[in-house]
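Anchor point for the sequence shown: position 14 equals 14 in the working numbering, and the numbering is continuous, going up by one each time. Using N, Cα and C, we set each Cβ at its ideal position, and we do this for glycine too. Okay, so here's the structure we're looking at.
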Amino acid sequence: MFRQLRDLFRRTEPRKEGLRLSFEDLPGWLDDRGEDIQSSLSSETAPSMEAIRGALDRLGGVIDRMEEAEEAEKVHPRLRDISKKALPQFTKSMTQILSREPSGDPEAFYATAADILKSALKTVKGQGKYLSSLYPGEMKEVRAALKDLGREINAMTGAVARARGELQQVEDLREMHESLNRIREEHAAASVQARGHSKALEEMDGDIQKTAKDLTALRLRPDHAHGEEIQERIRELDVRDEEVRRQAASIRTTAIHVFRKAERVATRAGETATAAGFDQVLDAYTPDGDADTLIGLIESMMPATLALIRQGDLALKNQEEIALFSDPDTLPSSIRETLYQRREIEEQCAALREAHAALPVVIEEERLIARLSGLEKEREAKAAMLDRAYNQQEILASSYAEERERLRPGVGALAGEDVEVSVPDLAPP
């Protein structure tokens with residue numbers, strides 16, 4: 001019964017709640033934590049710093065006395081000479097080393113004191129090694145002061161190392177906080193860009209649909225059908241022009257073959273003037289040559305060509321050659337006819353194309369096609385920009401999550417207890 005009453009009225013200790021910090025309060029908390037670390041370091045190292053000052057004062061006093069100290073009597077003359085020469089150098093070096101008095105915060109004080117100890121030990125091992133015989137008492141005091149100096153510096157080492165580690169944690173957490181803020185700003189900017197690109201794409205899609213609809217409607221108009229009829233006529237003329245070109249090429253091939261044989265026959269027969277005439281025809285018979293000049297040369301050489309055929313010196317091998325070289329007029333007339341047909345086709349095509357291009361419906365169609373093409377290209381560029389903005393948002397969101405996961409345990413480690421840091425979420429895209 002008594003135990004039950006005791007348990008009933010027993011006072012329970014209140015449960016200690018963990019530290020809670022808002023994201024905005026974190027920089028101030030880090031500043032306070034940094035000041036606490038520095039203050040703690042100053043308190044912890046104050047005795048050692050004072051002891052170091054005392055050791056340096058003693059060391060400086062010994063160095064000052066050494067120049068006036070009495071020398072030991074039982075010393076080899078050679079060693080005495082070496083020691084007397086080493087003494088000025090030793091005291092000068094030690095005086096210069098000790099002129100760097102440690103000062104400032106514990107870290108700066110520690111760094112200077114450590115450098116002094118390192119330099120002093122090097123000097124004692126160097127120039128000072130010759131002085132122990134001649135000045136045993138003073139060198140014993142020097143080593144004792146350095147020993148005390150080293151002990152106190154070692155005592156500071158752990159505290160300084162811990163403080164440096166904790167201060168580095170403070171800086172790392174501050175960088176994380178700044179990084180999270182920067183990521184939030186960049187993510188917000190990327191979101192604004194993405195919304196802008198998305199809205200622009202919606203407007204472009206509307207413009208593209210309207211332009212495509214206008215183009216479709218235009219192509220259903222009766223005047224557009226008239227333009228198609230003109231285009232069909234142009235295509236028919238192009239086919240006819242190709243046929244005439246093939247015919248002209250066939251005539252050319254056959255004629256050149258016969259004129260080359262005629263030139264060789266004339267050359268073998270010693271008829272140089274006739275051979276030169278055939279050469280002129282061959283030189284003029286080029287696709288880009290002047291047709292009137294070619295026809296005139298051919299007409300002038302047809303009598304000589306027909307004469308070679310009648311004499312049997314120039315044999316015709318196929319129906320094409322026979323048809324073109326059966327009389328003096330067929331070949332020139334065939335060339336004139338193909339030339340006339342090509343010119344007539346070209347003139348008709350030019351007139352039709354000019355008429356087609358002048359049609360209002362065609363002008364409007366070309367404008368709509370150009371606008372549609374430009375809109376589609378612009379849409380592709382804007383869509384690529386939107387994709388980049390989305391990708392940037394994903395990368396930033398991933399980095400934000402990683403930094404946030406690192407921040408919370410980092411703050412807890414620095415505080416030495418569980419800490420809840422309310423890091424805000426990124427704004428939705």
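- In the structure shown, the three-state DSSP call for V421 is strand.
- Uninterrupted alpha helix (DSSP H) stretches at least 4 residues long and entirely within the segment 270 to 294 occur at 272 to 284, given in chain order.
- G410 and G374 have their C-alpha atoms roughly 54 Å apart.
- Excluding its 5 nearest sequence neighbours in each direction, A383 has C-beta neighbours in its own chain below 7 Å: L201, listed in chain order.
- Taking the C-beta atoms as reference points, R240 is found no nearer than 9 Å to P287.
- CA-to-CA, the gap between A401 and A189 works out to about 18 Å.
- Contact between I208 and R336 is ruled out by a C-beta separation of about 54 Å, above the 8 Å threshold.
- For the set A249, A304 and A413, the Cα lying nearest the Cα of Q169 is the one of A413.
- Residue burial is scored here from C-beta neighbours: E171 has fewer than 16 other C-beta atoms within 10 angstroms and is therefore classed as exposed.
- Going by beta carbons, G277 and A304 fall inside the 9 Å limit.
- Secondary-structure assignment with DSSP links S179 through no beta bridge to anything.
- Looking at the DSSP output, S22 shares a beta bridge with S422.
- Contact fails between the segment 125 to 136 and the segment 97 to 109, because fewer than three Cβ pairs, one in each stretch, are under 8 Å apart.
- Counting only residues of its own chain and dropping the five nearest sequence neighbours on each side, R20 has a CB closer than 7 Å to the CB of E420.
- D327 sits in coil when the DSSP states are folded into three classes, being neither helix nor strand.
- L396: member of the alpha helix (DSSP H) spanning P360 to A415, first to last residue.
- For S119, the enclosing alpha helix (DSSP H) begins and ends at P106 to K125.
- The three-state reading of DSSP puts G150 in helix, counting H, G and I together.
- Sequence-distant Cβ neighbours of P332 in its own chain, meaning closer than 8 Å and more than five residues away, are I295, I298, E299 and M302.
- Here DSSP, grouped into helix, strand and coil, assigns S103 to coil.
- Taking all protein chains shown into account, I363 has fewer than 16 neighbouring C-beta atoms within 10 Å of its C-beta and is therefore exposed.
- Apart from the 5 residues on each side of it in sequence, A55 sits with its Cβ closer than 7 Å to the Cβ of A145, D148, L149 and E152 in its chain, given in chain order.
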